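Number of protein chains: 2
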Amino acid sequence: MNRVIKFKNPPTIVATGSVVGKEEGEGPLADEFDEVHEDVTFGEESWEKAESTLQKLAIEKAIEKWGRSKDEVSILFAGDLLNQCTGSTFGNRDLSIPFVGMYGACSTMALTMATASVFVASGVAKTAIAATSSHFCSSEKQFRFPLEYGGQRTPTAQRTCTAAGASVIEKSGGKVSVDSVIFGKIQDLGITDANNMGAAMAPAAADTIFNFLSDTKTSPEDYDLILTGDLGFVGSELLSELMKKDYNIDISSVHNDCGKMMFYREEQDVHAGGSGCGCAASIVNSYIYRRICEKELNKVLFVATGALLSPTSTMQGESIPGIAHGVLLKGI
Amino acid sequence: MNRVIKFKNPPTIVATGSVVGKEEGEGPLADEFDEVHEDVTFGEESWEKAESTLQKLAIEKAIEKWGRSKDEVSILFAGDLLNQCTGSTFGNRDLSIPFVGMYGACSTMALTMATASVFVASGVAKTAIAATSSHFCSSEKQFRFPLEYGGQRTPTAQRTCTAAGASVIEKSGGKVSVDSVIFGKIQDLGITDANNMGAAMAPAAADTIFNFLSDTKTSPEDYDLILTGDLGFVGSELLSELMKKDYNIDISSVHNDCGKMMFYREEQDVHAGGSGCGCAASIVNSYIYRRICEKELNKVLFVATGALLSPTSTMQGESIPGIAHGVLLKGI
Chain D
0 MNRVIKFKNP
10 PTIVATGSVV
20 GKEEGEGPLA
30 DEFDEVHEDV
40 TFGEESWEKA
50 ESTLQKLAIE
60 KAIEKWGRSK
70 DEVSILFAGD
80 LLNQCTGSTF
90 GNRDLSIPFV
100 GMYGACSTMA
110 LTMATASVFV
120 ASGVAKTAIA
130 ATSSHFCSSE
140 KQFRFPLEYG
150 GQRTPTAQRT
160 CTAAGASVIE
170 KSGGKVSVDS
180 VIFGKIQDLG
190 ITDANNMGAA
200 MAPAAADTIF
210 NFLSDTKTSP
220 EDYDLILTGD
230 LGFVGSELLS
240 ELMKKDYNID
250 ISSVHNDCGK
260 MMFYREEQDV
270 HAGGSGCGCA
280 ASIVNSYIYR
290 RICEKELNKV
300 LFVATGALLS
310 PTSTMQGESI
320 PGIAHGVLLK
330 GI
Chain B
0 MNRVIKFKNP
10 PTIVATGSVV
20 GKEEGEGPLA
30 DEFDEVHEDV
40 TFGEESWEKA
50 ESTLQKLAIE
60 KAIEKWGRSK
70 DEVSILFAGD
80 LLNQCTGSTF
90 GNRDLSIPFV
100 GMYGACSTMA
110 LTMATASVFV
120 ASGVAKTAIA
130 ATSSHFCSSE
140 KQFRFPLEYG
150 GQRTPTAQRT
160 CTAAGASVIE
170 KSGGKVSVDS
180 VIFGKIQDLG
190 ITDANNMGAA
200 MAPAAADTIF
210 NFLSDTKTSP
220 EDYDLILTGD
230 LGFVGSELLS
240 ELMKKDYNID
250 ISSVHNDCGK
260 MMFYREEQDV
270 HAGGSGCGCA
280 ASIVNSYIYR
290 RICEKELNKV
300 LFVATGALLS
310 PTSTMQGESI
320 PGIAHGVLLK
330 GI
């Protein structure tokens, strides 16, 4: 069964928003983001509320750049890592836009973009927004240790980015089209180390990339960039190995990963790189979007990966299921 | 802006699955469900794993009644109440079906049905499954108190159902069509009592029902049933009042609520009734589906409501945002 959904009339991204925190604003992509906030509380009293505000800012920025009123947005697709997705629900409760909550862990940006694109391409929605966020402090608190504990992180651990991104998608009018999308299957190869998410997610990325290439009868050379979301340095190497070993495909010449792009690895001491829904979301909705608009890139296969664990599943000795959703972005 | 999505070629529900626990199997709808399990551990070692298995059983039952192979399912939409939606991700990780994770709290059945219907109606998916689950014990543990604590519940508290439901949706072939859908807007009227979810969700139900009636230029009398999901006894009364007060619409003659239907209120001592994603999911995918197939009901507006809180948001003094998604089911 063909898994790639190719749109007859590909919808387009007409505006984007990207907002990040202090550390992300000190990385190589600092100048690309719409807003860099030194104060990662975003003026709020808790990390969860800070994340809600962060996501809201990215969506508001996208709407502002779109140049129309929020009341003209047909539907909003959003999700995040927080329990019960409160980053999204509290961030967007005042927007008064029909709201579809989604959960895909760090794959959420591709998941929301792909779903929003289906809604717009089919004519069901005129204007859809896809968004997600993550926050270093709310994630550490929820998934790992209280920040005050000052725990040492393992070399394979990634740093959750304080970042959010949003895309406004319409039938036409943008310089970047969503040519086709693919929804991932859950892959679980038995990884149980919650500090090595890259390894848990790499098989899912490999499965999605292989199926995308296979369904579309293309090879890595047909793309300017195959961009994974948040595998980081460890997971990216594993992905290249898996692609070679399991599928005899070499993606290394066109592959990059948002988790590798966000920080200066050594100077910023981020171990295996960046992660979190907001990592890929902020990069795709700034740097990547702009490079395609400016025709420096033309075909970008964006595959965001998510580790579908919870602290409870990890404590119960469960392995980490991974998933990867894909979106082919093309210049117009 | 018209919020109702009316399908030119309405997709149909071709099979359903419903699986419930012991208490639900002792209620008025006992004979309607595909499976009643006395053992609510479902043979698993934790409540979270029990819920995963419960959801999996409902999906497998739906696929079994559909009569085809799981490999022919294009896409699966599912979500649940557990942190990071692990009920769905762990339940479905072995199915090898492209997976879209969704979060809508107790509105999830309408959310997944509506989204799956858009995918099928637009031709993007040939066969889609919509599913969700909830489990009394995993919910109590996560949202309220450890079961062992034996805490007394307030009169406005609802009982989370141990239940799951799944629908197989295809372009044609079923006896029940998804005529149109509406995605809800988040409503927050400032309710902060997490033991009174019905009150938090009623405004969202009212907004969605009003907009559905208004967009389609219909009145309550045009429906055989307006079925809300999980407002329970307290929330249902509030909904009727709100509809009258805010919109001057009397729905009382055609309204019922899944939370009121699941249990014998007095004998089973369930306070304000049933709740949880699985409550509406199991009832719609058994009793309601069958009544429409058998032409006892023809037009059912199913509006599932969700309270988008988390234990953390409640502890931080936040109010409870509600949402309600709607699906118009019609006999063919």
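Chains as they are written, first to last, in numbering that gives the first Met the number 0: chain D, 0 to 331; chain B, 0 to 331. Every residue, glycine too, gets a C-beta built ideally from N, C-alpha and C. Since we're looking at a predicted model, the values are computed, not measured.
What three-state label does DSSP hand G197/B in the structure shown?
Helix.
Would you list the one or two residues that DSSP bridges to I128/D?
L75/D and V167/D
Starting from I225/D, trace the beta strand (DSSP E) in both directions and tell me its first and last residue.
Where I225/D is concerned, the enclosing beta strand (DSSP E) stretches over L224 to G228.
Closer than 8 Å between beta carbons: that is the criterion. Which residues of the stretch 199-222 of chain D meet it against chain B?
none
Between the stretch 193-200 of chain D and the stretch 165-180 of chain D, are three or more C-beta pairs nearer than 8 Å?
no
Could you spell out the range, first to last residue, of the beta strand (DSSP E) harbouring T304/D?
Unbroken beta strand (DSSP E) run through T304/D: K298 to A306.
If we ignore side chains and look at the alpha-carbon of each, how far apart do F32/B and G275/B end up?
16 Å
Could you tell me how far apart the beta carbons of S312/B and F135/D are, in whole angstroms, since I believe they sit closer than 8 Å?
About 19 Å separates the beta carbon of S312/B from that of F135/D, a gap too long to meet the 8 Å contact definition.
Suppose you measure from the CA of K170/D to the CA of Q83/B; what does that come to, to the nearest Å?
32 Å
Within 8 Å, do at least three Cβ pairs link the stretch 218-227 of chain D to the stretch 289-305 of chain D?
By the C-beta criterion, the stretch 289-305 of chain D is judged to be in contact with the stretch 218-227 of chain D, since at least 3 inter-stretch pairs fall below 8 Å.
Do S73/D and A127/D have their CB atoms nearer than 8 Å?
yes
Establish whether the CB of S176/D and some CB of chain A are separated by less than 8 Å.
No chain A appears in this structure, whose protein chains are D and B.
From the DSSP output, in three-state form, read off T15/B for me.
strand
Give the C-beta separation of L75/B and I62/B to the nearest angstrom, bearing in mind that I take them to be a contact with Cβ-Cβ under 8 Å.
About 10 Å separates the two Cβ atoms, so there is no contact after all.
For the stretch 57-124 of chain B, list the beta strand (DSSP E) runs that are entirely contained and at least 3 residues long, ordered along the chain.
74-79 and 98-100
Using only the alpha-carbon positions, how far apart do G272/D and A198/D sit?
About 13 Å.
Using a Cβ-Cβ distance cut-off of 8 Å, determine whether G100/D contacts chain B.
By this cut-off, G100/D is an interface position.
Under three-state DSSP, which class holds S252/D?
DSSP, read as helix, strand or coil, puts S252/D in coil.
Would you kindly work out how many angstroms separate the C-alpha atoms of E266/B and Q315/B, rounded to a whole number?
36 Å
Residues of the stretch 82-106 of chain B in Cβ contact with chain D at a cutoff of 9 Å, in chain order, please.
Cβ contacts with chain D: N82, Q83, C84, T85, S87, T88, F89, N91, R92, D93, L94, S95, I96, P97, F98, V99, G100, M101, Y102, G103, A104 and S106.
Pairing CB atoms from the stretch 209-222 of chain D with CB atoms from the stretch 154-168 of chain D, are three or more of them under 8 Å?
No, the stretch 209-222 of chain D does not touch the stretch 154-168 of chain D.
Just to make sure I have the definition right: I need the residues of chain D whose C-beta is within less than 9 Å of the C-beta of F135/B. Which are they?
Near F135/B there are no residues of chain D at all, since even the closest Cβ is about 17 Å away, more than 9 Å.
Distance, Cα to Cα, S121/B vs I168/B?
12 Å
Could you tell me which chain B residues have their CB closer than 8 Å to the CB of L308/D, listed as they occur along the chain?
Here the neighbours are Q83 and T85.
Between the stretch 17-26 of chain B and the stretch 34-52 of chain B, are three or more C-beta pairs nearer than 8 Å?
yes
Counting only Cβ pairs nearer than 7 Å, list the residues of chain D close to P154/B.
Result: empty, since nearest Cβ-Cβ is about 25 Å, beyond 7 Å.
Are the beta-carbon atoms belonging to C257/B and S133/B less than 8 Å from one another?
no
Tell me the residue span of the beta strand (DSSP E) that contains V233/B.
Here V233/B belongs to no beta strand (DSSP E); instead the alpha helix (DSSP H) covers G231 to Y246.
Alpha carbon to alpha carbon, how far is A303/D from D229/D? Give it in angstroms, no decimals.
7 Å
Helix, strand or coil, according to DSSP, for S179/D in the structure here?
S179/D falls in the strand class under three-state DSSP.
For F144/B, return the contacting residues in chain D, with the cut-off set at a CB-CB distance below 9 Å.
The premise fails here: F144/B is roughly 16 Å from chain D at the closest Cβ pair, so nothing lies under 9 Å.
Under 8 Å between beta-carbons, which chain B residues line up against T114/D? List them in chain order, please.
V99 and T114
What distance in whole Å lies between the Cβ atoms of L110/B and K69/B, which are believed to be in contact at a cut-off of 8 Å?
With 8 Å as the limit, K69/B and L110/B do not qualify as a contact, their Cβ atoms being about 22 Å apart.
Consult DSSP for V39/B and reduce its assignment to one of helix, strand or coil.
coil
Considering only DSSP beta bridges, list what G321/D is partnered with.
Q186/D and A306/D
Does P9/B have its Cβ less than 8 Å from a Cβ in chain D?
Taking Cβ atoms only, chain D never reaches closer than 8 Å to P9/B, which makes this a no.
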